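Participant: One structure, as structure tokens, below. Some questions next.
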Amino acid sequence: MPMTHSPPLAPRPDPDALVAQLQAEQQLAARGKLRIYFGSNAGVGKTYAMLAAAQRERQAGHEVLVGLVETHGRAETEQQLHGLEQLPRRHLPYQGRQLSEFDLDAALRRHPEILLLDELAHSNVPGARHPKRCQDVEELLAAGINVWTTLNVQHLESLNDVVGGIVGIKVHETVPDRIFDNADEVIVVDIPPEELLRRLKAGKVYPLEQAERASHNFFRLGNLLALRELALRRTADRVDEDMRDYRRERSIGDVWPARERLLVGVGGHAGDDALVRQVARLARRLEADWMVVYVDAPERQHRPRRAQEGVLKTLALAARLGADTATIPGANVAQALVAFARERNASHLVLARMPRRVSRWLPWTAASLPEQIARLDPGLDVLVLSPPLPKNESAVRKPIADRKPIAWVGYVGATLACFAATAVAELLLQVFEPANVVMLFLLVVVLSALRWGRGPGAWAALLAVLCFDYFFVPPRDSFSVNDTQYLFTFSLMLGVALVCGQLMARLRHEARVAAERERRAGALARLARDLSGALTQEQVAQIALTTVSGVFDAQAGLQLPDAQENLHAVAGSQGVMDASIARWSMEHGQPAGQGTDTLPASPALYVPLMAPVRVRGVLVLQLRKPRQLDVPEERRLLDACASQIALALERVHFVEVAQQTQVAMEGERLRNTLLSAVSHDLRTPLTGILGAAQAALPRVPAGPAADMLVQIRDQAQTLQQLVDNLLAMARLQQGGVHLKREWLPVEELAGSALRQMHDRLAAHVVRTDLPTGLPLLHVDAVLMERVLVNLLDNAAKYTPPGTTLVLTGQVQHGPDGDVCLLTLQDDGPGLPRHLDADMLFEPFTRGVVESTVSGMGLGLTLAQRIVEAHGGRLEAASAHPGPGTIFTIRLPVPEQPALDD
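Here it is, written out as structure tokens:
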């Protein structure tokens, strides 16, 4: 039997990936679009191309605003500015001068459709909100403004060291690669290097004097060719990333079966920054997660401050490039790296190639760090890269970070301790044998290593052996030894002393690391325990201020929003707090102030309290040691404390909301009970009054008595309708209404309501437009008639006599099914200006608070509840063109029943 092979089914998209994609698209829809004009060098025409495109957009009717454009005196570029509106610049004082800068606040207030902002890598004048212009661009994009800008390849952070090696000049103004990668559009502006050199000589790039110097330095042909290749390669990488995103979004095969994860080890060496940039480029090409770690080993604990600051700067650079960073303790660097790689499931470990340190006496025992890692975990791939070193550094000599000053205090202390032990041993020899006195010297070695570290401990071990030999081994006062057995004693004594000293130094380091861990964990645990018992916002604030100020040795303040979203400092806050910085941090959900990229000159750090629902306030810290938070673990501790405080504030807030809701529900239930009771008590006498008036009216001749009976009848009918509304509302609130659905034509519903309101609408002109062919509705006839009666009664009350009421019906087709629209439009005064349309449907809400018009503000509320019970919607809007009001009932059209012939 022949077999048929069905084609393979297309892979199903991942539901979680689709949800994440939808959420990301919703966030991107509210952001502005970033367009970057990208080139290899100054003078290729990026600004000219941007302005030419802006002119085309302006002629097409789009709003274009020039935020800041640098023409550098180029006539062609200045000509392109004609006709484009330019934003006035902001002037900031700097070193006795007034410098002009881009006015970020003015641009946000103006909110144009397209904003031109030249030179993305520009560094702002100190005193501006952000140190870098690229951060201004990110805030503009978050506000929904489309931004066009320009960028040269040498300003990309990951290529900074590569460009420096090519042109021999370090570029200080850089842009994080993520901004370039996340741009919505990148337009490459390119011209041949020969053409660029001709433009330079003609003075079209720089003035002639400056152009002459540039042609002998930066603008050499070799440099231009290399920069052009870098720009084109970087753009090609971005196009390749776009292609992979396209395939991933449409589930076109598996681009990568498993995500790579790179772990980079840095050690405070001269080439660490170059290594981090090199791995950043590699991670981007591999679409890999990457982490940068520094192992705080015992031999590194006495490094000078400059070396420690260099490590922190390297970690900060890695964080800017998109890496996770960590500082991990470990007695052995190789073991710590392997353990961390296993914990984080890293697929590759990346190290910098360093000169091997060969032991002078045991050269065969020296193993490099990659070799040690390969022995510990043969399955872990180790990549050894050779990052370029700065020109003032040598790959052979020891980097400055490793040249630590000698701890003279420790060595002097160990020396004095050995001499003191020698003096005590001299006294003890009168009682004990020399072999027993050796333990005194071992004790000195252990204490020296515990107090001053590894180096002084080793020196104490050697000095103890020498002192014991010189003063106590025959012949005394000499280093010569008569009995060879003492040589074995000396060797054993030195070995034991060295081992004990090293073990105590390691124990000292591990104790210090454990103490730091315990301090962080204990602080977080105490904060969580104290916050768990807080019941009010004030208690949460006091616990937070007390804990944070003690843990971080800082003046702490807390700013919380009130009901109007205005920030106020809570009682007990310390230090000076800038309300504008706190407001910015809360609105953007980002830290600001000291140590951040937003207003870093501020003396305080502002940390938003991010809770799951919203930002609950701002924590303000004035650190006595500003560099404390440069350590990644300390920053994570602060973030964890801020998260705990935010969660506690949100919990207290929702407890208060729940209590208020409980009180409101009890009040509403009590009110409904009272209304129901009063309505039932009124209904019987009201029915009697209305019946008597209607019975007596035909028997009374025309005159004052008949007019009085008519008035009694009308007022009784109004009161009866009010009582009916109260009873219906009470039943709806208590869930006691069950819809008795039946199939009814729209014409029957409208006709019944109009007949019931005939007398009340006598002073108005009523027109209906109900086309034939409207579908049947499956509704409760009595309740739906009440909806139309209430809408007609509302129109009769609030429109002058003689106005027109129009009741229309139609069917609206949509992707979710057909909807029947019943519309009542009047040409009265329209909706009240002091109320939103949705507020009209709130219970006991009236368009005019003090009015001679009877009613309690329940008619529209009841109508909305009934329509919603039928699965529909009731909407109110002003008529356009006015005057007048339109009430629209939207009811779903069910599947029509089969009709008998």
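With the first letter of the sequence shown counted as 1, position 193 gets the number 243 in our numbering; the numbers rise by one all the way through. Beta carbons: idealized from backbone N, C-alpha and C, even for Gly. This one's a predicted model, so the numbers in the text were calculated from it and none came from an experiment.
(1) How about residue 760 and residue 807: are their beta carbons less than 8 Å apart?
(2) What residue ranges within the region 822–865 form continuous beta strand (DSSP E) runs of no fewer than 3 residues, ordered along the chain?
(3) Restricting to Cα atoms, I'd like to know which of 850, 737, 747, 834 is closest to residue 916.
(4) What three-state label does DSSP hand residue 942 in the structure shown?
(5) Taking only three categories from DSSP, how would you classify residue 814?
(6) Tell me whether residue 688 counts as near the ligand NAP, meaning its Cβ is closer than 7 Å to at least one heavy atom of that ligand.
(7) Evaluate the contact criterion for the region 934–941 versus the region 878–897: three or more CB pairs, one atom per stretch, below 8 Å.
(8) Given residue 434, which residues of its chain have a CB within under 6 Å of its CB, disregarding the five upstream and five downstream residues?
(9) Would you mind sorting residue 947 into buried or exposed? The rule is 16 or more other CB atoms within 10 Å of its CB.
(10) Determine the DSSP secondary structure at residue 146, reduced to helix, strand or coil.
(11) With burial defined as no fewer than 16 other Cβ atoms inside 10 Å of the residue's Cβ, what is the status of residue 96: buried or exposed?
(12) Taking three-plus beta-carbon pairs below 8 Å as touching, is the region 318–330 in contact with the region 194–201?
(13) Would DSSP call residue 171 helix, strand or coil?
(14) Are the Cβ atoms of residue 371 and residue 207 separated by less than 8 Å?
(15) I'd like the span of the alpha helix (DSSP H) that includes residue 403, first residue to last.
(16) Can you give me the Cβ contacts of residue 52 inside the same chain, cut-off strictly under 8 Å, excluding the 5 residues immediately before and after it?
(17) Output the residue ranges of the alpha helix (DSSP H) runs that lie fully inside the region 571–613 and measure 4 residues or longer, sorted by chain position.
(18) With three or more C-beta pairs closer than 8 Å as the rule, is the region 665–673 touching the region 557–573?
(19) Where does residue 930 land, buried or exposed, given buried means 16+ other C-beta within 10 angstroms?
(20) Is the region 83–93 close to the region 234–242, with three or more CB pairs under 8 Å?
(21) How would you write the range of the beta strand (DSSP E) that residue 928 sits in, first residue to last?
(22) If residue 330 sits next to residue 311, beta carbons under 8 Å apart, how far is it from one beta carbon to the other, in whole angstroms?
(23) Quick check on residue 660: does DSSP put it in helix, strand or coil?
(24) Going by C-alpha to C-alpha distance, which of 541, 346, 793 sits closest to residue 382?
(25) Relative to the alpha-carbon of residue 832, which residue among 519, 802, 500 has its alpha-carbon at the smallest distance?
(26) Check whether the Cβ atoms of residue 81 and residue 171 lie closer than 8 Å to each other.
(27) By the three-class DSSP mapping on this structure, what secondary structure does residue 127 have?
(28) Kindly give me the distance between the Cβ atoms of residue 622 and residue 591, rounded to whole angstroms, as I take these residues to be in contact under 8 Å.
(29) Reducing DSSP to helix, strand and coil, say where residue 636 ends up.
(30) Rounded to whole angstroms, what is the Cα-Cα separation between residue 580 and residue 691?
(31) Given a threshold of 16 other Cβ atoms within 10 Å of its Cβ, counted over all protein chains shown, does residue 941 qualify as buried or as exposed?
(32) Compute the Euclidean distance between the alpha carbons of residue 173 and residue 647, then round it to the nearest angstrom.
(33) What number of angstroms, rounded off, separates the C-alpha of residue 342 from the C-alpha of residue 386?
(34) Determine which residues share a DSSP beta bridge with residue 196 and list them.
(35) Tell me whether residue 934 sits in a helix, a strand or coil according to DSSP, three-state version.
(36) Determine the closest residue to residue 844 out of 641, 553, 772, with distance taken between C-alpha atoms.
Facilitator: By the coordinates alone:
(1) Residue numbering aside, residue 760 sits at position 710 when the sequence shown is read from its first letter. Residue numbering aside, residue 807 sits at position 757 when the sequence shown is read from its first letter. It is not a contact, given that the beta carbons lie outside the stated cut-off.
(2) 827–830, 854–862
(3) Position 866 of the sequence shown holds residue 916. Considering only alpha carbons, the answer is 834.
(4) By one-based count along the sequence shown, residue 942 stands at place 892. DSSP places residue 942 in strand when its eight states are reduced to three.
(5) Residue mapping note: residue 814 aligns to position 764 of the sequence shown, counting from 1. Coil, per DSSP.
(6) With respect to small molecules bound, the structure shown includes none, and the ligand NAP cannot be examined in it.
(7) yes
(8) Indexing the sequence shown from 1 puts residue 434 at position 384. Once the five neighbours on either side are set aside, the close Cβ partners of residue 434 are 401, 403, 420.
(9) Within the sequence shown, numbered from 1, the residue matching residue 947 stands at position 897. Exposed, because fewer than 16 other Cβ atoms sit within 10 Å of the Cβ of residue 947.
(10) By one-based count along the sequence shown, residue 146 stands at place 96. Residue 146 falls in the coil class under three-state DSSP.
(11) Residue 96 sits at position 46 when you count from the first residue of the sequence shown. Buried: at least 16 other Cβ atoms inside 10 Å.
(12) no
(13) Within the sequence shown, numbered from 1, the residue matching residue 171 stands at position 121. In this structure, residue 171 counts as coil in the three-state DSSP scheme.
(14) For this step, residue 371 is matched to residue 321 along the sequence shown. For this step, residue 207 is matched to residue 157 along the sequence shown. Taking 8 Å as the Cβ cut-off, residue 371 and residue 207 qualify as a contacting pair.
(15) Mapped onto the sequence shown, residue 403 falls at position 353. Per DSSP, residue 403 belongs to no alpha helix (DSSP H) and is neither H nor E.
(16) Stepping through the sequence shown from its first residue, residue 52 is reached at position 2. For residue 52, the predicted model reports a pLDDT of 44, less than 50, meaning its position is unreliable; a value from the coordinates is still stated below. Closer than 8 Å at Cβ, skipping near neighbours: no residue.
(17) 587–601
(18) no
(19) By 1-based counting over the sequence shown, the position of residue 930 is 880. Classification of residue 930: exposed, given that the 10 Å Cβ count is below 16.
(20) yes
(21) Residue 928 sits at position 878 when you count from the first residue of the sequence shown. Unbroken beta strand (DSSP E) run through residue 928: 923–928.
(22) Position 280 of the sequence shown, counted from the start, is the residue given in the question as residue 330. Position 261 of the sequence shown, counted from the start, is the residue given in the question as residue 311. Not quite, the Cβ-Cβ distance comes to about 14 Å (not below 8 Å), so this is no contact.
(23) Here residue 660 refers to the residue found at position 610 when the sequence shown is read from its first residue. Looking at residue 660 - three-state DSSP - the assignment turns out to be strand.
(24) Walking along the sequence shown from the start, residue 382 turns up at place 332. Of the listed residues, the one whose Cα sits closest to residue 382 is 346.
(25) As a working mapping, residue 832 is identified with position 782 in the sequence shown. Taking only the C-alpha atoms, the option nearest residue 832 is 802.
(26) Here residue 81 refers to the residue found at position 31 when the sequence shown is read from its first residue. Here residue 171 refers to the residue found at position 121 when the sequence shown is read from its first residue. No. Outside cutoff.
(27) Translated into positions along the sequence shown, residue 127 becomes position 77. Helix, per DSSP.
(28) Indexing the sequence shown from 1 puts residue 622 at position 572. Indexing the sequence shown from 1 puts residue 591 at position 541. That pair is a contact at about 7 Å.
(29) In the sequence shown, counting from the first residue as 1, residue 636 sits at position 586. If DSSP states are grouped into helix, strand and coil, residue 636 belongs with the helices.
(30) If you number the sequence shown from 1, residue 580 lands on position 530. If you number the sequence shown from 1, residue 691 lands on position 641. Their backbone Cα atoms lie some 12 Å apart in a straight line.
(31) Your numbering for residue 941 matches position 891 in the sequence shown. Flag for residue 941 reads buried.
(32) By 1-based counting over the sequence shown, the position of residue 173 is 123. By 1-based counting over the sequence shown, the position of residue 647 is 597. Answer to the nearest angstrom: the Cα atoms are 11 Å apart.
(33) Sequence index remark: in the sequence shown, residue 342 carries index 292 (1-based). Sequence index remark: in the sequence shown, residue 386 carries index 336 (1-based). Straight-line Cα distance between these residues: approximately 13 Å.
(34) For the purposes of this step, residue 196 is taken as the residue at position 146 of the sequence shown. Answer is 164, bridged to residue 196.
(35) Here residue 934 is taken as the residue at index 884 of the sequence shown, counted from 1. In the structure shown, residue 934 sits in coil (DSSP, three-state: anything other than H, G, I, E or B).
(36) Within the sequence shown, residue 844 is the residue found at index 794, counting from 1. Out of 641, 553, 772, 772 has the C-alpha closest to the C-alpha of residue 844.
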